[in-house]
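A.B. asks: Have a look at the structure that comes next, please.
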Amino acid sequence: MHLGQTASNLALLLNRPEPTSKMISRLLREGGWVKKGSRGRNAPHVDGGELSAFLIAFMCCPDSPAVAVERLPHFAGLLLESETETKATFKEGLALLLDRLASETWDEVWNKNWGVSLHVDMSAAQIKADPVEGSEVVPEDHVFSSLVGVADDQLREECLPYLGGLQANYKIHCVTLFRIAKVVLAGEPDPVDEIRKSIEGGWLS
């Protein structure tokens, strides 16, 4: 899906004003976060990494495009907390998840119950699979933080630039993540009707 179409669809799927989404997309293009190329029908399609940057911009400041793109490098670059030598940023981890969701079925995604959270004041983010109790699916919890690898003598204020400010937490739930991945990356129709039919009790209606 092209960047302009992506902006319109994200506004709808995230319930945000379309002018805000369009402005974020323009600033992302100007800042080099998405490919530049032809406009209109021949415009390049958004990939998982570019969609990841777009969503992180929304999450770190959903109402001010300028502030969102100003904060984006900090939050996109949050590093994975890992006991191994695995090196990954929040942007890379979210891109991998979105690419995965684009190729899976709703039942596969629902069984994992993925969610993505960003905590502005703590400069931290989380990608979590939280299966229902009793499920055989293994939970996953991937935390990304600006405190990863920080030297003991480094000032905490330098790592947590928004600490002490207004708390701001933003979460994108499984249903919305799946819809975004299918519509934007897979180029498929919005699967919301399929999701509604598959969930007992009709809690989406």
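Numbered by numbering that gives the first Met the number 0, the letters in the sequence shown go through residues 0 to 204 in order. No residue lacks a Cβ here, since even glycine has one placed at the ideal position from N, Cα and C.
#1: Would you mind sorting Arg-155 into buried or exposed? The rule is 16 or more other CB atoms within 10 Å of its CB.
#2: Between which two residues does the alpha helix (DSSP H) holding Val-191 run?
#3: Quick one: give me the first and last residue of the alpha helix (DSSP H) that Ala-128 is part of.
#4: For the structure I just gave you, are there three or more beta carbon pairs, one from the segment 51-69 and one from the segment 21-37, closer than 8 Å?
#5: Between which two residues does the beta strand (DSSP E) carrying Trp-109 extend?
#6: Cα separation between Phe-57 and Val-142?
#7: In chain order, what residues of the same chain have a beta carbon less than 8 Å from the beta carbon of Pro-138, not counting five sequence neighbours either side?
#8: If you follow the alpha helix (DSSP H) that Asp-151 is in, where does it begin and where does it stop?
#9: In whole angstroms, what separates the C-alpha of Gly-148 from that of Thr-88?
#10: Going by the DSSP bridge assignment, what does Tyr-169 pair with across the sheet?
#11: State the CB to CB distance for the pair Val-115 and Thr-5, rounded to an integer number of angstroms; the pair is presumed to be in contact (CB under 8 Å).
#12: In chain order, what residues of the same chain lie with their CB nearer than 8 Å to the CB of Asn-8, ignoring the 5 residues before and after it?
C.D. replies: Quick look at the numbers:
#1: Here residue 155 refers to the residue found at position 156 of the sequence shown. Under this definition Arg-155 is an exposed residue.
#2: Sequence index remark: in the sequence shown, residue 191 carries index 192 (1-based). Unbroken alpha helix (DSSP H) run through Val-191: 191-197.
#3: Translated into the one-based positions of the sequence shown, residue 128 becomes position 129. From DSSP, Ala-128 is part of no alpha helix (DSSP H) but of the beta strand (DSSP E) over 123-128.
#4: yes
#5: Within the sequence shown, numbered from 1, the residue matching residue 109 stands at position 110. No beta strand (DSSP E) holds Trp-109; the alpha helix (DSSP H) holding it covers 105-111.
#6: What you label residue 57 is simply residue 58 of the sequence shown in a count that begins at 1. What you label residue 142 is simply residue 143 of the sequence shown in a count that begins at 1. Cα to Cα, the separation comes out at about 19 Å.
#7: On the sequence shown, position 139 is the one that residue 138 refers to. For Pro-138, where only same-chain residues beyond five positions count, the Cβ hits under 8 Å are Lys-127, Ala-128, Asp-129 and Pro-130.
#8: Indexing the sequence shown from 1 puts residue 151 at position 152. Careful: Asp-151 lies outside any alpha helix (DSSP H) and carries neither H nor E.
#9: Walking along the sequence shown from the start, residue 148 turns up at place 149. Walking along the sequence shown from the start, residue 88 turns up at place 89. Approximately 13 Å between the Cα atoms of the pair.
#10: As a position in the sequence shown, residue 169 is number 170, starting the count at 1. DSSP output for Tyr-169 lists Leu-117 as bridge partner(s).
#11: Position 116 of the sequence shown, counting from 1, holds the residue named residue 115. Position 6 of the sequence shown, counting from 1, holds the residue named residue 5. Rounded, the Cβ-Cβ distance is 17 Å, inconsistent with contact.
#12: Working through the sequence shown from its first residue, we reach residue 8 at position 9. Counting only Cβ-Cβ distances below 8 Å, and skipping sequence neighbours, we find Met-0, Ile-179, Val-182 and Val-183.
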